[in-house]
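Single-structure report; data block below.
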Amino acid sequence: MVGQLLGNPVGILDMSCGVKFSLIFVLLRVLFTDSSHSNQVVLLDTTAVLGELGWKTYPMNGWDAITEMDEHNRPIHTFQVCHVMEPNQNNWLRSNWISREAAQKIYVELRFTLRDCNSIPWVSGTCKETFNLFYMETDESHAIKFKPGQYTKIDTIAADESFTQMDLGDRILKLNTEVREVGPITKKGFYLAFQDIGACIALVSVRVYYKKCPFTFRNLATFPDTIPRVDSSSLVEVRGACVKNAEERDTPKLYCGADGDWLVPLGRCVCSVGYEELDGTCLACRPGFYKAFSGNIKCSKCPPHSFSYEESSPLCHCEKGFFRAEKDPPTMACTRPPSPPRNVIFNINETSLFLEWSPPSDTGGRKDLTYNVLCKKCGADPRQCELCGGDLRFVPRPQGLINASVTVLDFTAHANYTFEIESLNGVSELSSFPRPVAAITISTDQGGPSLVGMVRKDWASQNSIALSWQEPEQPTLPVLDYEIKYYEKEHEQLSYSSTRTKAPSVIITGLKPSTRYIFHVRARTSAGYSSYSPKFEYETGDETSDMAADQGQVLVIVTAAVGGFTLLVILTLFFLITGRCQWYIKAKMKSEEKRRAHYQNGHIPFPGIKTYIDPDTYEDPTQAVHEFAKEIDPSRIRIERVIGAGEFGEVCSGRLRTPGKREIPVAIKTLKGGYVERQRRDFLREASIMGQFDHPNIIRLEGVVTKSRPVMIVVEYMENGSLDSFLRKHDGHFTVIQLVGMLRGIASGMKYLSDMGYVHRDLAARNILVNSNLVCKVSDFGLSRVLEDDPEAAYTTSGGKIPIRWTAPEAIAYRKFSSASDAWSYGIVMWEVMSYGERPYWEMSNQDVILSIEEGYRLPAPMGCPVALHQLMLHCWQKERGLRPKFTDIVSFLDKLIRNPSSLLTLVEDIQGLPESPGDVPEYPMFISIGDWLDSIKMSQYKNNFMAAGYTTLDSVSTMSIEDVRRIGVTLIGHQRRIVSSIQTLRLQLLHVQEKGFHV
1 MVGQLLGNPV GILDMSCGVK FSLIFVLLRV LFTDSSHSNQ VVLLDTTAVL GELGWKTYPM
61 NGWDAITEMD EHNRPIHTFQ VCHVMEPNQN NWLRSNWISR EAAQKIYVEL RFTLRDCNSI
121 PWVSGTCKET FNLFYMETDE SHAIKFKPGQ YTKIDTIAAD ESFTQMDLGD RILKLNTEVR
181 EVGPITKKGF YLAFQDIGAC IALVSVRVYY KKCPFTFRNL ATFPDTIPRV DSSSLVEVRG
241 ACVKNAEERD TPKLYCGADG DWLVPLGRCV CSVGYEELDG TCLACRPGFY KAFSGNIKCS
301 KCPPHSFSYE ESSPLCHCEK GFFRAEKDPP TMACTRPPSP PRNVIFNINE TSLFLEWSPP
361 SDTGGRKDLT YNVLCKKCGA DPRQCELCGG DLRFVPRPQG LINASVTVLD FTAHANYTFE
421 IESLNGVSEL SSFPRPVAAI TISTDQGGPS LVGMVRKDWA SQNSIALSWQ EPEQPTLPVL
481 DYEIKYYEKE HEQLSYSSTR TKAPSVIITG LKPSTRYIFH VRARTSAGYS SYSPKFEYET
541 GDETSDMAAD QGQVLVIVTA AVGGFTLLVI LTLFFLITGR CQWYIKAKMK SEEKRRAHYQ
601 NGHIPFPGIK TYIDPDTYED PTQAVHEFAK EIDPSRIRIE RVIGAGEFGE VCSGRLRTPG
661 KREIPVAIKT LKGGYVERQR RDFLREASIM GQFDHPNIIR LEGVVTKSRP VMIVVEYMEN
721 GSLDSFLRKH DGHFTVIQLV GMLRGIASGM KYLSDMGYVH RDLAARNILV NSNLVCKVSD
781 FGLSRVLEDD PEAAYTTSGG KIPIRWTAPE AIAYRKFSSA SDAWSYGIVM WEVMSYGERP
841 YWEMSNQDVI LSIEEGYRLP APMGCPVALH QLMLHCWQKE RGLRPKFTDI VSFLDKLIRN
901 PSSLLTLVED IQGLPESPGD VPEYPMFISI GDWLDSIKMS QYKNNFMAAG YTTLDSVSTM
961 SIEDVRRIGV TLIGHQRRIV SSIQTLRLQL LHVQEKGFHV
């Protein structure tokens, strides 16, 4: 850093051997400008101390304390030492005791100048260009005697820039800034110490601070100041508190990162009833508005015929004469009772009276309209009316009618009836006003008097009743026949039955035992029907009343039942045997047809790639194993040691002797003893799956042992084990190209599986095996399932555990798996590889992972991750599965990166403003012209430079190097870096346009 001198000399530094020189030392104003960071808590800043610092020096003539006043009359504290002529220097400067407060890890920022030893004559053996930084933890804040042996070294500090005598003559000073971390600090405070071993130094400022995640508002919740953990890979989960007048919808959480940044917002608060969100607070609803439910919705204007006079109203009150029913939501307008029905008409025939009316002209604003019918029977004097008795029947009922009609039965002839019909709705009961009705009076002058007198019961059995009556004496017209109407007493309002007879008697059958019935009888003459007789009530007999008469019938029924049951058993056995045979034949034919279709009828999705056949389509799973896996003689297998445990038994390493070939190392999965047939079938199912694959990036099946015990599956041996543990064991040991090569191998294996119409469902680094040549191979097909011929089809599982951190959202929510969900899992594997086996989403719970993904959060790029690879991860994590890349595209893209290693040089941490989630990836191309591009990065002053140099298209700009940028006249280093960084991003965007159907 180069600074222009602005002030006067600070002092003279004495050298050994009588040599003196002036060290002119002035600070830039920017040094003392407040550059505070919101996530930093300063424990010490020597530029802000007004009085003396009071630091101790050992020995006394070692470091010199120099204090001057700047142009704002503020003290500038510096410490200088320059004993470069004398050997074996050991000069110490110790700070005062510094309280650590809440810090666990602290940062020490040093600003200093250092003289180049080559510019000082005669000091070649004694001059140094470094000094040492120490610290000591202690709970004591005073009376601590200085003992160098008690201090722990933090680091040796060297200068990036040093000055010379010529710099002093030109009044130019070069200032260095170095920051060191110290921690964990466990005691109440600490001292800092600076050891000079023979350098010419001016310590300009010392700033000691720690980082915190500052108090913040997020999603209507407040989060307090939080101190990060010392471990940079661990996050601190912080639960937020809802702001005033808000309540939790999902528990609000943030995670505090090691650098004092808030990460992964989860959950939220919502404004309570009567309050709406505005600028991060919950404000009360204004008069005339309301909010009935908690949530981040706005206050609503009161519904019609309602009002609110106060703030924060949860609902609006109804106007006079209007009401809201108990079950009406607050959002519904207030309503009122309906007006009476209109246009009542009637139609009367021999047996019934039919009433009908029109709906009211005013329904009160509601749809839950019903009607009640009240009947009054009047004599000759209309004023002498009484309520109709129970003889009258209404069909379907007199109260709560939905349709605007009713049928009246069993009315009396030669009588006057008045029917009053009222309309009701859901708020009629709330009104205190009388209900208006529509009334109609009807005279039933039809049919004449009843011609039937007393109706007698002659006898009754369990299901029958015999009735008789006297014929009318001297009738005016002869009786043609009689009608008998009857119904159960308890269901008289529901339905009735009738029968006819020419004789004055009848036997009614088909009745229920021990049940009371109502009977009416009327006569029919040439003039029509007479009125019904009064109702008569009789009961059928109980179950023993005619047992003797029914014994023969019971015997017949029992005999028929036994015979029928025997016939049913015979038929059942016949159909079971026949159906089982037919089912077996159909299943067998289906399996054979499917295999023939795959191999003979052209159902091969890509040339040279066969189609996967699901072992579950075989009637006998053993047949699938023998068809796709080779049986191995167990005498050719030598088990050497146990290397792990699987779901079904132990996993061993050993050697396989192949006839005519040398022994090869293998891994052997064994089926533990005591298994049941289902376990054996599930164990061998994986072999019948693996046996269909032949690809260098898919684990190779050597064969199976099924004809002796133990049952075994033999696969090739992968020396380096699972990919996740291998990466954790060799953290940071590989180049980016090597990691991309591993990813390319995994993608190639998945492309092979996808082309076969096959879904893995459990793609993760733990299920990738690595051999001695760092070749990665996909393994573990325990959760795998087949896809149908339709490339858009997805397999739906019926149960089982799902690896949440690796699984696509649609597979978690709906258990629908596809090659697109495998692409999502591949993006997680990419993140695992680039982070050297770190756990995806760290310590977050599975539920928090699901919520954060739903809210758009995606994993950030690991340290050292190229931009191109993180962009590929983000596209694998697109929410819409149709937008995710195919494995064919992924392999093609990784091949291009490997052929062009320079595309991997730009790291995510080197570029600001990269998208954090798939939803932030812009549409391409982002810019139409060079002018638009330069405007976006605030470099529009260079438009003419680009045009004059012949760069007229974005394609031509994307090929520029930093030398090209300098050549067209961009001289400022900061501007050069900004333009070059943007060119790297632009190159990726143009690559996206060129990729067919693939977005990167």
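UniProt numbering puts the first residue of the sequence shown at 1, with every later residue one more than the last. Don't be surprised by glycine CBs; every beta carbon is placed ideally from N, CA and C. Keep in mind the model is a prediction, meaning the values are calculated, not measured.
Among the options, which has the Cα closest to the Cα of residue i?
{"i": "D410", "options": "E178, F394, E109 and N61", "result": "F394"}
{"i": "S835", "options": "V965, A949 and L739", "result": "L739"}
{"i": "P434", "options": "T418, S423, L851 and S443", "result": "S423"}
{"i": "E686", "options": "Y151, E647 and Q150", "result": "E647"}
{"i": "R744", "options": "S892, A811 and N773", "result": "S892"}
{"i": "S205", "options": "T113, K661, F683 and L477", "result": "T113"}
{"i": "Y942", "options": "I968, D964 and E963", "result": "I968"}
{"i": "V336", "options": "R655, R456, R884 and P360", "result": "Here the sequence assigns Arg to residue 336, which means Val is not the residue at that position. The shortest Cα separation from R336 among R655, R456, R884 and P360 belongs to P360."}
{"i": "K187", "options": "P75, Q104 and R978", "result": "Q104"}
{"i": "R638", "options": "C652, F628 and K320", "result": "C652"}
{"i": "L954", "options": "W122, T985 and R977", "result": "T985"}
{"i": "E650", "options": "T658, R641 and R657", "result": "R641"}
{"i": "L477", "options": "S526, I508 and I348", "result": "S526"}
{"i": "E483", "options": "P224, Q470 and A523", "result": "A523"}
Taking a contact to mean a Cβ-Cβ separation below 8 Å, would you say residue i touches residue j in this structure?
{"i": "L355", "j": "S405", "result": "yes"}
{"i": "S903", "j": "A868", "result": "yes"}
{"i": "P809", "j": "I828", "result": "no"}
{"i": "L263", "j": "L235", "result": "yes"}
{"i": "S708", "j": "V759", "result": "no"}
{"i": "V957", "j": "I973", "result": "no"}
{"i": "V833", "j": "M742", "result": "yes"}
Under a Cβ-count criterion, where at least 16 other Cβ atoms within 10 Å of its own Cβ denotes burial, should residue i be classed as buried or exposed?
{"i": "M873", "result": "buried"}
{"i": "P329", "result": "exposed"}
{"i": "E905", "result": "Note that residue 905 is Leu in the sequence shown here, rather than Glu. Answer is exposed; the Cβ neighbour count stays below 16."}
{"i": "L960", "result": "In the sequence as presented, Leu is not what sits at residue 960; that position holds Met. With 16 or more Cβ atoms within 10 Å of its Cβ, M960 is classed as buried."}
{"i": "R678", "result": "exposed"}
{"i": "Y309", "result": "exposed"}
{"i": "L353", "result": "buried"}
{"i": "R115", "result": "buried"}
{"i": "D614", "result": "buried"}
{"i": "M69", "result": "exposed"}
{"i": "D616", "result": "exposed"}
{"i": "V270", "result": "buried"}
{"i": "I402", "result": "exposed"}
{"i": "W55", "result": "buried"}
Go ahead and pull the three-state DSSP assignment for residue i.
{"i": "S819", "result": "helix"}
{"i": "L28", "result": "In this prediction, L28 scores a pLDDT of 39, lower than 50, which makes its location untrustworthy; the coordinate-derived value is nonetheless stated afterwards. The answer is coil: DSSP assigns L28 none of H, G, I, E or B."}
{"i": "L859", "result": "coil"}
{"i": "M69", "result": "strand"}
{"i": "C876", "result": "helix"}
{"i": "D935", "result": "helix"}
{"i": "K707", "result": "coil"}
{"i": "E386", "result": "strand"}
{"i": "Y517", "result": "strand"}
{"i": "W831", "result": "helix"}
{"i": "C285", "result": "coil"}
{"i": "M742", "result": "helix"}
{"i": "M960", "result": "coil"}
{"i": "Q984", "result": "helix"}
Can you check DSSP and say which residues form a bridge with residue i?
{"i": "K654", "result": "Here residue 654 is Gly; the residue named in the question, Lys, does not match the sequence. G654 pairs with I639 and V666."}
{"i": "G189", "result": "S99 and T138"}
{"i": "D328", "result": "None, per the DSSP bridge assignment."}
{"i": "S306", "result": "C318"}
{"i": "P866", "result": "L907"}
{"i": "L93", "result": "T57 and F194"}
{"i": "S497", "result": "Y486"}
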